[in-house]
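Read through the structure below, which is laid out as structure tokens, and then see the notes.
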């Protein structure tokens, strides 16, 4: 069997080689180019798409070329595609002796607007076509006579090129628009956009021309069109291009031209971006458009550093400009100028008189207007900067994020946002004072937190009065140590004294009783330097005397401490108090026992009424030399911390206490 297979293979191989011996390799020559062939072709420079304004002639020009130049010749043109037979194409195109390119005209007098017509031409024949040439004897093009449809409502145009070039403010102006649908794009045009306004701005602040123009700057004898093209068939998204065009204005340096930098002057789109459209607003950002003046530096173009905006509807303009970008720019009305108000800042350890204002609702018909229920503490930490918050009874307090406050700490600008840990609220106390507590996070632009504080604003339409009874009760007395030790926090009691308009204060360390006077006309409690009752301890009996310290830190036997209620309801020193603190001395003990300044008394309703007990520690007698120099008031209580996570906080409803 193996032998048979070998014979078969040998037989097949023999036949194969025999067949190869019989094959003769022959080359058929390609047809030669006919003698006198003109080598006619359509150059690639022919326009593939014509978009003609309705006012332009209904004709186009195409170019036919040949590779030889000698002789006169008539080249027949064949039409392969002619949409609706709208094109009139010459039967032949003539070359004169020496010509290698000829332009010929095609007309279409019956072409309608808004329709795209296709045309395909071909040259045939051996005497005209070189079959080996890379150039094509075929040309295809299409023609559209643009159909402009008036837009029912005017658009709103906010120029940026003049603002950048001449340093003028930006104002909105109406522009009458026409629209054209062009296959994959939408085109708008504005006739004489930069015309002279005929009247003042309307109620929405919009002019009917460019407000900086006058008759001397505008060419009124001709029409000038500003055209923009949106590269989106629906015209609602994507890039936007503005062809270079004269605008009919001359501000003393020749005719002004504007347009997109990219596509007109440069191919660097990263440096010179096109415009974009979103939510009915076209934005040409910085360096997107340019301005040139024919007589200034030979018409050198200057990219605009100021954006230009085109709003497709007035509603889009209003919506975009009613959105609050900076709460300091909103118009506010002060609430009850005659009201009593005070702001106490935990961040800055200061208090001051403060005005509360409410935003003027710029969008009153919109239930979701950002201006509704918007309050504002103007010039709060710096002139020109305030803090805004929303408050609605039954809903609570909302503090907008990232509000600049116009101050710096550690060399960086500060912003405030709602605190995640400190609740914001609005309550009304028994005296009718409305207390706004704003839980604020103070931070840098990058989110680095430098402090969280409960900043409080107190407001009352009427003056708040305090009677003698308000001074009686339990309090927590706080103050700063005169000797650089821990701050005071003592439970004290203020009771009515034996004499009229006097109080007895108990609970102050090393002071069995302190006598205070009360002025009912001013609602001021006064503590004078005084000899106190002896201090009786297990170790013995000690004389004690209360001295005061003046604002310079000196020990006084005459300066008095005056206290009144602030709007928070704490007893604090009046601004006219001659003394700012006290010292307690015992001759028997041999020196100074204790002392504090910057005193305040905070009501403590949690304690039952009665005489407060002292918390006496073993004597630590000091000398006058051990008194520390009073620290200058700290400018703030900030310290760099971690970064915040952006959240808004809505908190408690209003409460009447």
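In mature numbering (1 follows the signal peptide of the UniProt record, and there is no 0), the protein residues as written are -18 to -1, 1 to 639.
Glycine included, each C-beta is placed from N, C-alpha and C at the ideal position.
Taking residue i and residue j to be in contact with their CB atoms under 8 Å, please state how far apart those CB atoms are, rounded to whole angstroms.
i	j	result
residue 534	residue 523	At roughly 34 Å, the Cβ-Cβ gap does not stay under 8 Å, so residue 534 and residue 523 are not in contact.
residue 262	residue 298	4 Å
residue 545	residue 527	Contact flag wrong, Cβ pair sits at about 20 Å.
residue 178	residue 204	Their Cβ separation, rounded to whole angstroms, is 14 Å, which puts residue 178 and residue 204 out of contact at 8 Å.
residue 514	residue 494	6 Å
residue 89	residue 40	6 Å
residue 619	residue 333	So it is not a contact: roughly 14 Å between Cβ atoms.
residue 435	residue 364	The Cβ separation is near 17 Å, so there is no contact.
Looking at C-alpha atoms only, which residue of the options is the closest neighbour of residue i?
i	options	result
residue 570	530, 601, 371 and 586	601
residue 60	90, 99 and 106	106
residue 586	353, 552, 146 and 462	552
residue 443	434, 416, 430 and 422	416
residue 358	296, 311 and 244	311
residue 102	479, 80 and 125	125
residue 201	488, 187 and 233	233
residue 405	412, 394 and 421	421
residue 582	212, 469 and 512	469
residue 271	580, 255 and 155	255
residue 302	351, 332, 285 and 322	351
residue 184	343, 296 and 467	296
residue 486	512, 541, 466 and 63	512
residue 531	578, 128 and 501	578
Please classify residue i: is it buried, with 16 or more other beta-carbons within 10 angstroms of its beta-carbon, or exposed?
i	result
residue 222	buried
residue 492	buried
residue 335	exposed
residue 508	buried
residue 230	buried
residue 72	exposed
residue 610	exposed
residue 94	exposed
residue 18	exposed
residue 641	With the chain covering -18 to 639 only, the question about residue 641 has no answer from this structure.
residue 603	exposed
residue 235	exposed
residue 633	Low local confidence applies: a pLDDT of 40 at residue 633 is under 50, so the model's placement there is unreliable, with the coordinate-based value given in what follows. Residue 633 should be labelled buried.
residue 447	exposed
residue 392	exposed
residue 121	buried
residue 27	exposed
residue 131	exposed
residue 370	buried
residue 51	exposed
residue 615	With a pLDDT of only 46 at residue 615, under the threshold of 50, the placement of this residue in the model should not be trusted; the figure read from the coordinates follows. Exposed, since its Cβ has fewer than 16 Cβ neighbours within 10 Å.
Mapping DSSP to helix, strand and coil, what is residue i?
i	result
residue 311	helix
residue 606	helix
residue 299	helix
residue 453	helix
residue 622	coil
residue 271	strand
residue 148	helix
residue 232	strand
residue 175	coil
residue 281	helix
residue 135	coil
residue 304	helix
residue 143	helix
residue 256	coil
residue 643	As displayed, the chain neither begins before -18 nor continues past 639, which places residue 643 out of reach and without an answer.
residue 29	coil
residue 56	strand
residue 294	coil
residue 124	strand
residue 317	coil
residue 263	strand
residue 442	strand
residue 130	coil
residue 448	coil
residue 61	strand
Could you tell me if the beta carbon of residue i falls within a distance shorter than 8 Å of some heavy atom in the ligand SAM?
i	result
residue 264	Absence of the ligand SAM from the depicted structure is noted, as is the absence of any ligand whatsoever, leaving it without description.
### Length-filtered (3 minimum) beta strand (DSSP E) runs lying within the stretch 358 to 439
As far as the stretch 358 to 439 is concerned, its whole beta strand (DSSP E) runs of at least 3 residues are 367 to 374, 378 to 380, 385 to 391, 394 to 400, 407 to 410 and 416 to 425.
### Query
Which residue spans inside the stretch 456 to 532 form an unbroken beta strand (DSSP E) run of at least 3?
Runs of the beta strand (DSSP E) inside the stretch 456 to 532: 470 to 478, 484 to 488, 496 to 501, 506 to 509, 512 to 519 and 522 to 532.
### Task
Give, in chain order, every unbroken run of the beta strand (DSSP E) that is at least 3 residues long and sits entirely within the stretch 538 to 580.
Listed in chain order, they are 543 to 547, 553 to 555 and 561 to 568.
### Query
Of all the beta strand (DSSP E) runs that stay within the bounds of the stretch 66 to 113, which reach a length of 3 or more residues?
Qualifying beta strand (DSSP E) stretches, in chain order: 74 to 77, 83 to 89 and 98 to 104.
### Message
Could you tell me which whole beta strand (DSSP E) segments of length 3 or greater appear in the stretch 185 to 254?
### Response
You should have 207 to 212, 221 to 223, 227 to 232 and 237 to 242.
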